[in-house]
Amino acid sequence: MTDHSDIDHVSGKSTTGHEWDGIKELNTPLPRWWLTTFYLTIIWAVGYWIVYPAWPLITTNTPGLLGYSTRASVAVELANLEAARGEKMAALAKASLADIEKDPALLALARAKGRTVFGDNCAPCHGSGGAGAKGYPNLNDDDWLWGGTLDQIMQTIQYGARSGHAKTHEGQMLAFGKDGVLKPDEIVTVANYVRSLSGLPTRQGYDAAKGEKIFTENCVACHGEGGKGNQEMGAPNLTDKIWLYGPDEATLIETISQGRSGVMPAWEGRLDPATLKAMAVYVHSLGGGK
Amino acid sequence: MNTAVNPNELTSDDDYGPLYAAHKKVYPQRVSGTFRRIKWGLMALCLGVYYFLPFVRWNRGLGAPSQAVLIDLPNSRFYFFFIELWPQEVYYFTGLLIVAAVALFLMNSIGGRIWCGYLCPQTVWTDLFYAVERLIEGDRRERMKKDASSDPMKLERISEIVLKHSIWLLIAWWTGGAWVLYFNDAPTLVKELVTFQAPMIAYIWIGILTATTYVLAGYMREQVCTYMCPWPRIQAALTDEWALNVTYRYDRGEKRTSVKKAAELRALGEQVGDCVDCYQCVAVCPTGIDIRNGPQLECIQCGLCIDACDTVMKKIGRPTRLIAYDNDINIHRRQEGRPPIYRIVRPRTIIYNLVIAAVGGIMLYALLTRSLLDVNVLHDRNPIAVKLSDGSIRNAYTVRLLNKRGFDRVIAIDVDGPVNAKVHVVGVDSVTPDRPMIVIGRDQTAELRLLVTAPAELNPEKSTPVRFHVTDIGLGEVATATDNFVAP
């Protein structure tokens, strides 16, 4: 079978000498340039080992002559991106909040920037689309604890609520039950009264007059005459259809007896002014802004 | 029978003959005739279009590019005479590619690999490079002699070589240069290129394409077709027995006899073949094969052997087309004394034509009726619906308007869906409160945040369909998108 001149008689071609069940493999030689190219690619690969990071060592890897690193190149690209955005972000920092909303280009920029920043910083509490959760306000609706104008939103973002910042919003829901101000049956009565303010059904045998009396004595100071709320104190409007913690009797009893004092952190100093502006514009543009 | 191979016997290549073959250079001879003329014509047409198309102007108005064919990558636009395509309309290219592929199948089922022989860029440029080589170094025999000569080179020979490579490089450079002109305003870019102010990427691309053209057309040539291109392999699956491939009609050609002997035998009334074994078909072949061995992988169906053979047949007074576009069916029919039949129209070609017509028709219809105003709507996913303090429901949508015209337009938005719905576009204080109007710049898109608010009691359904009509106030052009209004 190792005959040098093993010729297939049908095709007239030489064979490789390999034979399977009487079928011989014809020798169709590859061009030599193909082989050369193959060797060149191997040499090229060796070149790669030398100039680029390649071999893993115990704690690191061979760095390569060029000193290339993907991490460094990402850093460079990010810096380039920042530089490219610099001009636009400067325009954002300079414009007033009202002007940003009037300029379609600035509004688009602020909304895009705001959406990203919101996702990074606000979404853990308020949700990725600002839909909120129990105790965390929905930012899409038109009900605002501390006011829904651009400036008011900006102020809340900057200084927070009960955040400990010198300029923070103050005021909290007192724990009327825990502190012994109201007795349990009084709390049940006033909870039903609060439900009646927004037209929700009340418990059978509930004394409306007593409820109004307790409300006037204890709640009006913050929630206002008729429970319309007070944005100075962050006291919610109790007559509307939106509830931060929930409108059912059990939740209301819990709120009145235990109090509520959710915290919105202050973002001043944590994010730069242009970013804060973008965030305020974004929240305002979600739909509920006044 | 399985013959066991003793590993000890597998030590040397020498036992089995060489596994790698040295490149045998091909020296195609000059030829003239019908198919050569067709090839010259097609070459002039293809290269003419390729080299000069970027310089053709097309007026699209002030501020828009005036180049007839332009791929504007930074702005994501493709301009083709009266058509301007946006990235989302890339399906027109998909359609074009389908038509191109099926057209290739059709060509193949009619005339075999005629794409390879006449239109493939590899063939066209190789042909051009061969023409230059022949012009400078002479025809087949001279070139073979010059290459084989071991004498020290004289000035004349050196200048020939230098001239040839210079012209090759010039063609290759122009090929790369024309390529980049499709991506930027050609006259401006030419000016920048010669004053060395063009962007580096332009020079890099010219360099890359100069190198590939020079190497592929000057050196690799038929090796590309034989070893690198997948088409010869795919072709086997697309051809059938009716396809007219370049065929040596062995029924007529065999038995090969010299001219003199044939004359003697014919005088005696004997049957002799027309082939005089002159090897002209081999001499002119750009892939260096002998077509008389039958259909071969290397054959690109260029028909130059037909021209060569016809020339000889005319000289010796025998009928032409001993080699022709033909198939084995007809050879057998002639051998059986029956007339040949050519079935260009058969189910395969009809189906290919129908597919081309259908896809082409759909594309043409889509292109002619394509809207130059478009709207896409995306419903907010989180929150999907918002309850407001008065109990009404609000849904927010991201609306993207596309103005594909070359001028600014005023667009009115009408929302048709929930009962008593109020519409507001964030950042737009419209004079018509329930019909927001906005201006979109020419050739631009605008992304808007649109709020639809409706009383809950009038819209008790969990989901109500909403239609967004956007109307060009000036032209009356309308585009529509649909979505849903959802209750919490």
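Protein chains in written order, with the numbering used here: chain A, 1 to 290; chain B, 291 to 778. Glycine included, every Cβ here is placed at the ideal spot set by N, Cα and C. None of the values given here were measured: they were computed from a predicted structure.
Problem set entry | Where the alpha helix (DSSP H) through A/ARG71 begins and ends | Locating residue 71 of chain A in the first sequence gives position 71, where the first residue counts as 1. Counting along the chain, the alpha helix (DSSP H) containing A/ARG71 begins and ends at 70 to 94.
Problem set entry | Among A/ALA166, A/ILE7, A/ASN218 and A/ARG32, the one whose alpha carbon lies nearest that of A/GLU186 | Sequence index remark: in the first sequence, residue 186 of chain A carries index 186 (1-based). Selected option, being the one with the closest Cα: A/ASN218.
Exercise. Which residues mark the beginning and the end of the alpha helix (DSSP H) in which A/GLN258 is found?
Worked result: Here the question's residue 258 of chain A lines up with position 258 in the first sequence. 249 to 258 is the extent of the alpha helix (DSSP H) around A/GLN258.
For this session: Would you mind sorting A/PHE176 into buried or exposed? The rule is 16 or more other CB atoms within 10 Å of its CB.
Result: The residue you call residue 176 of chain A lines up with position 176 of the first sequence. Answer is buried; the Cβ neighbour count reaches 16.
Problem set entry | Chain-order list of residues whose beta-carbon lies under 6 Å from that of A/VAL46 (same chain, five-residue window excluded) | Start at 1 with the first residue of the first sequence, and residue 46 of chain A comes out as number 46. Within the same chain, A/VAL46 has no close Cβ partners at all.
Exercise. Which residues mark the beginning and the end of the beta strand (DSSP E) in which B/PHE368 is found?
Worked result: Along the second sequence, read from residue 1 onward, the residue named residue 368 of chain B stands at position 78. Start and end: 367 to 370.
Problem set entry | Whole-angstrom distance between B/TYR493 and B/LEU499, CA atom to CA atom | To locate residue 499 of chain B, count along the second sequence from 1; it is residue 209. To locate residue 493 of chain B, count along the second sequence from 1; it is residue 203. If you take the alpha carbons of B/LEU499 and B/TYR493, they lie about 10 Å apart.
Exercise. Span of the beta strand (DSSP E) holding B/MET261?
Worked result: No answer is possible for residue 261 of chain B: the residues shown for chain B start at 291 and end at 778.
For this session: Under 8 Å by Cβ, that's how I've got B/GLY559 and B/THR547 pegged, so tell me the actual separation to the nearest angstrom.
Result: One-based indexing of the second sequence puts residue 559 of chain B at position 269. One-based indexing of the second sequence puts residue 547 of chain B at position 257. Rounded, the Cβ-Cβ distance is 14 Å, inconsistent with contact.
For this session: Go through its chain and collect everything with a Cβ distance to B/LYS329's Cβ below 7 Å, but skip five positions before and after it.
Result: Your numbering for residue 329 of chain B matches position 39 in the second sequence. Once the five neighbours on either side are set aside, the close Cβ partners of B/LYS329 are TYR408, ASP417 and CYS592.
Exercise. Which chain A residues sit within Cβ distance under 9 Å of B/GLN513?
Worked result: Locating residue 513 of chain B in the second sequence gives position 223, where the first residue counts as 1. Near B/GLN513 (Cβ distances below 9 Å), the residues of chain A are PRO31, TRP33 and TRP34.
Problem set entry | A/GLU186 - containing beta strand (DSSP E), residue span | Residue mapping note: residue 186 of chain A aligns to position 186 of the first sequence, counting from 1. Run containing A/GLU186: none in the beta strand (DSSP E); it sits in the alpha helix (DSSP H), 184 to 197.
Problem set entry | Completely contained alpha helix (DSSP H) runs for the segment 454 to 537 of chain B, where each covers 4 or more residues | 476 to 484, 490 to 505 and 521 to 528
Exercise. For A/ILE256 versus A/ALA161, is the C-beta spacing smaller than 7 Å?
Worked result: As a working note, residue 256 of chain A is residue 256 in the first sequence. As a working note, residue 161 of chain A is residue 161 in the first sequence. Against a cut-off of 7 Å, the Cβ pair of A/ALA161 and A/ILE256 comes out as no contact.
For this session: Please classify B/PHE758: is it buried, with 16 or more other beta-carbons within 10 angstroms of its beta-carbon, or exposed?
Result: Counting from one through the second sequence, the residue named residue 758 of chain B turns up at place 468. It is buried - the Cβ of B/PHE758 has at least 16 other Cβ atoms within 10 Å.
Exercise. Can you tell me whether DSSP reads A/GLU25 as helix, strand or coil?
Worked result: Locating residue 25 of chain A in the first sequence gives position 25, counting from the first residue. It is a strand residue.
For this session: Report the residues of the segment 94 to 107 of chain A with a CB closer than 8 Å to any CB of chain B, ordered along the chain.
Result: GLU101, LYS102, PRO104 and LEU107
Exercise. Hey, does B/ASN672 have any beta-carbon neighbour from chain A nearer than 7 Å?
Worked result: Walking along the second sequence from the start, residue 672 of chain B turns up at place 382. It does: the Cβ of B/ASN672 has a partner Cβ on chain A nearer than 7 Å.
Exercise. Closer than 8 Å, Cβ to any Cβ of chain A: which residues of the segment 679 to 712 of chain B, in chain order?
Worked result: Shown in chain order are the members of the segment 679 to 712 of chain B whose Cβ falls below 8 Å from a Cβ of chain A: SER679, ASP680, GLY681, ARG684 and ALA686.
Problem set entry | A/SER261: contacting residues in chain B (beta-carbon distance under 8 Å) | For the purposes of this step, residue 261 of chain A is identified with residue 261 of the first sequence, where counting begins at 1. Neighbours of A/SER261 across chain B, judged by C-beta separation under 8 Å, do not exist; the nearest C-beta is about 22 Å away.
Exercise. Along chain B, in chain order, which residues have C-beta atoms closer than 7 Å to that of A/LYS228?
Worked result: On the first sequence, position 228 is the one that residue 228 of chain A refers to. Per Cβ cutoff of 7 Å: no residues; A/LYS228 is ~11 Å from chain B at best.
Exercise. Sorted by chain position, which residues of the same chain lie with C-beta nearer than 8 Å to A/VAL281's C-beta, five sequence neighbours on each side aside?
Worked result: Numbered from its first residue, the first sequence carries residue 281 of chain A at position 281. Taken in chain order, the residues that qualify are LEU97, ILE100, GLU101, LEU107, ALA110, ARG111, GLY114 and LEU150.
Exercise. Do B/MET397 and B/ILE404 have their CB atoms nearer than 7 Å?
Worked result: The count along the second sequence starts at 1 and reaches residue 397 of chain B at position 107. The count along the second sequence starts at 1 and reaches residue 404 of chain B at position 114. Closer than 7 Å, so yes.
Problem set entry | Proximity test, Cβ basis, 7 Å: A/GLY287 and chain B | As a first step, residue 287 of chain A must be located in the first sequence, where it is residue number 287. Answer yes: the Cβ-Cβ gap between A/GLY287 and chain B drops below 7 Å somewhere.
Exercise. Name the chain B residues that come within less than 8 Å of A/LYS241, Cβ to Cβ?
Worked result: On the first sequence, position 241 is the one that residue 241 of chain A refers to. By Cβ distance, chain B contributes LYS677, LEU678, SER679, ASP680 and GLY681.
Problem set entry | Runs of alpha helix (DSSP H) wholly within the segment 589 to 661 of chain B (minimum 4 residues, chain order) | Counting whole runs of 4 or more residues, the segment 589 to 661 of chain B contains the alpha helix (DSSP H) stretches 594 to 605, 618 to 625 and 637 to 658.
Problem set entry | Neighbourhood of B/ARG624 by C-beta, 8 Å cutoff - its chain only, sequence neighbours within 5 removed | Sequence index remark: in the second sequence, residue 624 of chain B carries index 334 (1-based). The answer, listed in chain order, is ARG539, ASP541, ARG542 and PRO630.
Exercise. Taking 7 Å as the CB-CB cut-off, is B/VAL716 touching chain A?
Worked result: Stepping through the second sequence from its first residue, residue 716 of chain B is reached at position 426. True, the Cβ-Cβ gap to chain A drops below 7 Å.
Problem set entry | Euclidean distance between Cα positions of A/GLN172 and A/VAL188 | Position 172 of the first sequence holds residue 172 of chain A. Position 188 of the first sequence holds residue 188 of chain A. Roughly 20 Å separates the two Cα atoms.
Problem set entry | Length at least 3, wholly inside the segment 321 to 407 of chain B: the beta strand (DSSP E) runs in chain order | 359 to 362, 367 to 370 and 373 to 375
Exercise. Can you tell me whether B/GLU554 is buried or exposed, with buried defined as 16 or more other CB within 10 angstroms of its CB?
Worked result: Your numbering for residue 554 of chain B matches position 264 in the second sequence. With fewer than 16 Cβ atoms within 10 Å of its Cβ, B/GLU554 is classed as exposed.
For this session: Go ahead and label B/LEU352 buried or exposed: buried means 16 or more other beta carbons lie within 10 angstroms of its beta carbon, across all protein chains shown.
Result: As a position in the second sequence, residue 352 of chain B is number 62, starting the count at 1. So B/LEU352 ends up on the exposed side.
Exercise. How would you label B/ILE524, buried or exposed, when you count the other beta carbons within 10 angstroms and need 16 or more for buried?
Worked result: Locating residue 524 of chain B in the second sequence gives position 234, where the first residue counts as 1. Exposed is the call here.
Problem set entry | Burial state of B/GLU423, where buried means 16 or more other Cβ atoms lie within 10 Å | For this step, residue 423 of chain B is matched to residue 133 along the second sequence. With 16 or more other Cβ atoms within 10 Å, it is buried.
For this session: Output the distance between the C-alpha atoms of B/ALA771 and A/LYS88, rounded to the nearest integer angstrom.
Result: Against the second sequence, residue 771 of chain B aligns to sequence position 481. Against the first sequence, residue 88 of chain A aligns to sequence position 88. So the two alpha carbons sit approximately 32 Å from each other.
Problem set entry | Reduced DSSP secondary structure (H/G/I, E/B, other) of A/ASN121 | One-based indexing of the first sequence puts residue 121 of chain A at position 121. In the structure shown, A/ASN121 sits in a helix (DSSP, three-state: H, G or I).
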